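Data block below; observations after.
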Amino acid sequence: MTTLSERIQEILDAGHSQAELYKAAKVSKGTPTQWLNGQIKSMKYEYAQGIELATGFSATWITTGAGPKKLRRVEDNVEPGPDIKKNRQYPVISWVQAGQWTELCDNFQPGDADEWKPCHKDLGECGYVLRVKGKSMTAPPGEPFTFPEGILLYVNAHAEALPGKFVIVRRNTTMEATFKRLITVDGELYLEALNPEWPNRYLKLEEGDEFCGVVQHAGFDMP
């Protein structure tokens, strides 16, 4: 029977990195090193499940050494859908953190967020998730887009902010980010609230305002 250290080494030899493991397992950055050198001789199954999702190595095999090493793939002539094992987990952060995300992202650790959410879209290395608060982006019935309070926004921090996109912006007067639709009016950029009853529904983009990302997906957690 192999040791946990030997199994971790096999995963690394297959082309995966320690950074990939600690992010997938949502543990501290130094934990994979401790697994590897034998300082930690066992792994919680929930950590192994995260690694399974990211690498395809069986969580049961990672934790016990028993059973198939890799998840079996069914081969057929049907074009596959998105590979769930390639999905990444993204931190649910605060609106203040979103406004400072350029500075925070590189040093953000798995334990720095209470919640992490998977997304079928690749949000990039600095992707993040926000939970909508307030009613500025709740549109009237019949509108194609609406973002009621509590809905989750999945954000690509480095996507290009273009007119028509739903963007996260930090205004030059506050540290907290805001969520609006980017539009043009007479050739100038404005931030639009979808709620027609919202005060100051149209805000002109000012010098010093900073784009913090573009929303790629939105949805609620199911009970």
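In short: position in the sequence shown from 1, add 9, done, that's this note's numbering.
Note that the Cβ used here is the ideal one computed from N, Cα and C, for glycine as well.
Predicted model only: the values in this text are computed from it and were never measured.
query: For the alpha helix (DSSP H) that Gln27 lies in, which residues bound it at each end?; result: Gln27 to Ala34
query: Taking the alpha-carbon positions, what's the Gly228 to Gly47 distance?; result: 41 Å
query: Give the range of the beta strand (DSSP E) segment to which Arg140 is assigned.; result: Tyr137 to Arg140
query: Given a threshold of 16 other Cβ atoms within 10 Å of its Cβ, counted over all protein chains shown, does Lys142 qualify as buried or as exposed?; result: exposed
query: Taking Ile71 as the reference, which of Arg210, Thr11, Gly217 and Thr40 has the closest Cα?; result: Thr11
query: What residue from Met184, Leu191 and Gly120 has the CA that sits closest to Pro172's CA?; result: Leu191
query: Check whether the stretch 204-214 and the stretch 126-140 are in contact - that is, three or more C-beta pairs closer than 8 Å.; result: no
query: Just mark Pro153 as buried or exposed, buried being the case when its beta carbon has 16 or more other beta carbons within 10 Å.; result: exposed
query: Do you know how far the Cα of Gln58 is from the Cα of Leu214?; result: 44 Å
query: State the start and end residues of the unbroken alpha helix (DSSP H) segment that holds Cys16.; result: Per the sequence shown, residue 16 should be read as Arg rather than Cys. Start and end: Leu13 to Asp22.
query: Just the C-alpha distance for Asp131 and Ser26, rounded to the nearest angstrom, thanks.; result: 19 Å
query: Quick one: which unbroken beta strand (DSSP E) runs of 3-plus residues sit fully inside the stretch 131-184? Chain order, please.; result: 137-140, 161-165 and 175-179
query: Going residue by residue through the stretch 194-219, where are the continuous beta strand (DSSP E) segments of at least 3 residues, counting only ones entirely within it?; result: 197-201 and 211-213
query: From the DSSP output, read off the bridge partner residues of Pro127.; result: Gln98
query: What distance in whole Å lies between the Cβ atoms of Tyr163 and Tyr99, which are believed to be in contact at a cut-off of 8 Å?; result: 7 Å
query: Quick check on Gly65: does DSSP put it in helix, strand or coil?; result: coil
query: If you draw a straight line from the C-alpha of Leu30 to the C-alpha of Ala75, how long is it?; result: 20 Å
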